[in-house]
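Report on the structure given below.
Protein chains in written order, with the numbering used here: chain A, 998 to 1107; chain B, 9 to 221.
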């Protein structure tokens, strides 16, 4: 199968998934990449070059906010992202959209 | 060191503003450090992220169109600045090569000039423009100059390799609009290329011009 079909489908839900993971707890980039890979059973293996522009967009749209952590000991400073109230509201809308969307697509496909 | 080299190679190929490049650099270094702390080896991280070309392409493909348009505009401006800088350097070189009767270096200490040139080349090789600004005249401490230098380096080659040796250093003193300066030319060999630098230094040995070919 042409990999672009899978890529396009994934692309459509990435922002929702990132918002969802951030709604649980603030996280930094590498954490998001690792969690997405783990929770999706290896389906979503994001590269930094895909994740960072998504985080930029979400921040521009004020759906997330970021902060650089104070480095502790030998640990380097990390950029943490957290969902804003606006982000939570958008996530709820996206979740509802996804539920309806997947239900109808499944109905057609079954 | 390997991480910095890898990140630098990605950053050089990004099509976005300098501010965003610096942010991405900080992000990448921070996330790579987190991955190393998590037990991943640097080799595995680089394999996962791909070659610098591919990693940068991933970023560029995901930047919004307005970011790419702005980057293109900036590149055009930088190219224009580079063209002007090259023309200016050619004028200086032509002036330098013209017989002027007295081309001695009475007012500069040759050893000090050579030492400063080697320091500037060390900083250029390390892409340490912040430190280089300390050794440049005020007019050259701008983002445009830094971007033009990066662009010029990339135009020579995107992978120079490690420095191998310095060639002979040629100096010539000149006076421009009442200001004394020294023009210095040196050929430097790298693993994958060879670069002829021409620097202009003022009386305080601050860099007032640079040309690479």
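All C-beta atoms in this analysis are idealised placements derived from N, C-alpha and C, irrespective of residue type, glycine included.
A quick note: this is a predicted structure, and the numbers were derived from the prediction, not measured.
In whole angstroms, give me the CA-to-CA distance for residue i and residue j.
i: residue 948 of chain A; j: residue 71 of chain B; result: For chain A, the structure presents residues 998 to 1107; residue 948 of chain A sits outside this window and is missing.
i: residue 90 of chain B; j: residue 1046 of chain A; result: 29 Å
i: residue 165 of chain B; j: residue 1028 of chain A; result: 35 Å
i: residue 48 of chain B; j: residue 1101 of chain A; result: 41 Å
i: residue 1001 of chain A; j: residue 217 of chain B; result: 49 Å
i: residue 1087 of chain A; j: residue 1055 of chain A; result: 11 Å
i: residue 1071 of chain A; j: residue 46 of chain B; result: 14 Å
i: residue 1004 of chain A; j: residue 62 of chain B; result: 16 Å
i: residue 1094 of chain A; j: residue 1035 of chain A; result: 24 Å
i: residue 1073 of chain A; j: residue 141 of chain B; result: 26 Å
i: residue 1098 of chain A; j: residue 1090 of chain A; result: 12 Å
i: residue 1104 of chain A; j: residue 998 of chain A; result: 23 Å
i: residue 111 of chain B; j: residue 161 of chain B; result: Note that residue 111 of chain B scores 45 on pLDDT, short of 50, meaning its location in the model is unreliable and no value can be drawn from it.
i: residue 1037 of chain A; j: residue 1030 of chain A; result: 11 Å
i: residue 54 of chain B; j: residue 15 of chain B; result: 10 Å
i: residue 131 of chain B; j: residue 101 of chain B; result: 24 Å
i: residue 201 of chain B; j: residue 152 of chain B; result: 25 Å
i: residue 109 of chain B; j: residue 143 of chain B; result: A caution first: residue 109 of chain B carries a pLDDT of 45, below 50, which makes its placement in the model unreliable, though a value can still be read off. Looking at the two C-alpha atoms, the distance is approximately 30 Å.
i: residue 1082 of chain A; j: residue 1092 of chain A; result: 15 Å
i: residue 1010 of chain A; j: residue 52 of chain B; result: 27 Å
i: residue 1059 of chain A; j: residue 149 of chain B; result: 34 Å
i: residue 136 of chain B; j: residue 17 of chain B; result: 14 Å
i: residue 1057 of chain A; j: residue 186 of chain B; result: 51 Å
With a Cβ-Cβ cutoff of 8 Å, do residue i and residue j count as a contact?
i: residue 192 of chain B; j: residue 207 of chain B; result: yes
i: residue 122 of chain B; j: residue 177 of chain B; result: yes
i: residue 40 of chain B; j: residue 19 of chain B; result: no
i: residue 79 of chain B; j: residue 24 of chain B; result: yes
i: residue 1014 of chain A; j: residue 1080 of chain A; result: no
i: residue 213 of chain B; j: residue 82 of chain B; result: no
i: residue 11 of chain B; j: residue 1044 of chain A; result: no
i: residue 145 of chain B; j: residue 215 of chain B; result: yes
i: residue 22 of chain B; j: residue 13 of chain B; result: no
i: residue 1066 of chain A; j: residue 1078 of chain A; result: no
i: residue 1033 of chain A; j: residue 1018 of chain A; result: yes
i: residue 199 of chain B; j: residue 159 of chain B; result: no
Run through the DSSP bridge pairs and tell me what residue i is partnered with.
i: residue 219 of chain B; result: B:206
i: residue 1077 of chain A; result: A:1025, A:1064
i: residue 198 of chain B; result: B:171
i: residue 1049 of chain A; result: Answer is none; residue 1049 of chain A lacks a bridge partner.
i: residue 193 of chain B; result: B:178, B:206
i: residue 183 of chain B; result: B:188
i: residue 144 of chain B; result: B:215
Using CA atoms only, rank isn't needed, just tell me which of the options is closest to residue i.
i: residue 170 of chain B; options: B:128, B:197, B:32; result: B:197
i: residue 205 of chain B; options: B:182, B:127, B:48; result: B:127
i: residue 1048 of chain A; options: B:217, B:188, B:66; result: B:66
i: residue 182 of chain B; options: B:162, B:167, B:44, B:211; result: B:211
i: residue 26 of chain B; options: B:88, B:203, B:53, B:154; result: B:154
i: residue 221 of chain B; options: B:135, B:120, B:114, B:98; result: B:98
i: residue 179 of chain B; options: B:94, B:114, B:60; result: B:114
i: residue 157 of chain B; options: B:139, B:187, B:93, B:186; result: B:93
i: residue 60 of chain B; options: B:36, B:200, B:73; result: B:36
i: residue 1021 of chain A; options: A:1105, A:1061, A:1057, A:1051; result: A:1061
i: residue 1050 of chain A; options: B:203, B:116, B:69; result: B:69
i: residue 134 of chain B; options: B:101, B:168, B:202; result: B:168
i: residue 116 of chain B; options: B:203, B:17, B:188, B:219; result: B:188
Would you grab the beta carbon distance between residue i and residue j for me? Rounded to a whole angstrom, and I think it's under 8 Å.
i: residue 1076 of chain A; j: residue 38 of chain B; result: 6 Å
i: residue 194 of chain B; j: residue 209 of chain B; result: Their Cβ separation, rounded to whole angstroms, is 12 Å, which puts residue 194 of chain B and residue 209 of chain B out of contact at 8 Å.
i: residue 42 of chain B; j: residue 1025 of chain A; result: 7 Å
May I ask you to check if the CB of residue i is nearer than 7 Å to at least one heavy atom of the ligand FAD?
i: residue 157 of chain B; result: The ligand FAD is not among the ligands present in this structure, which contains no ligands whatsoever.
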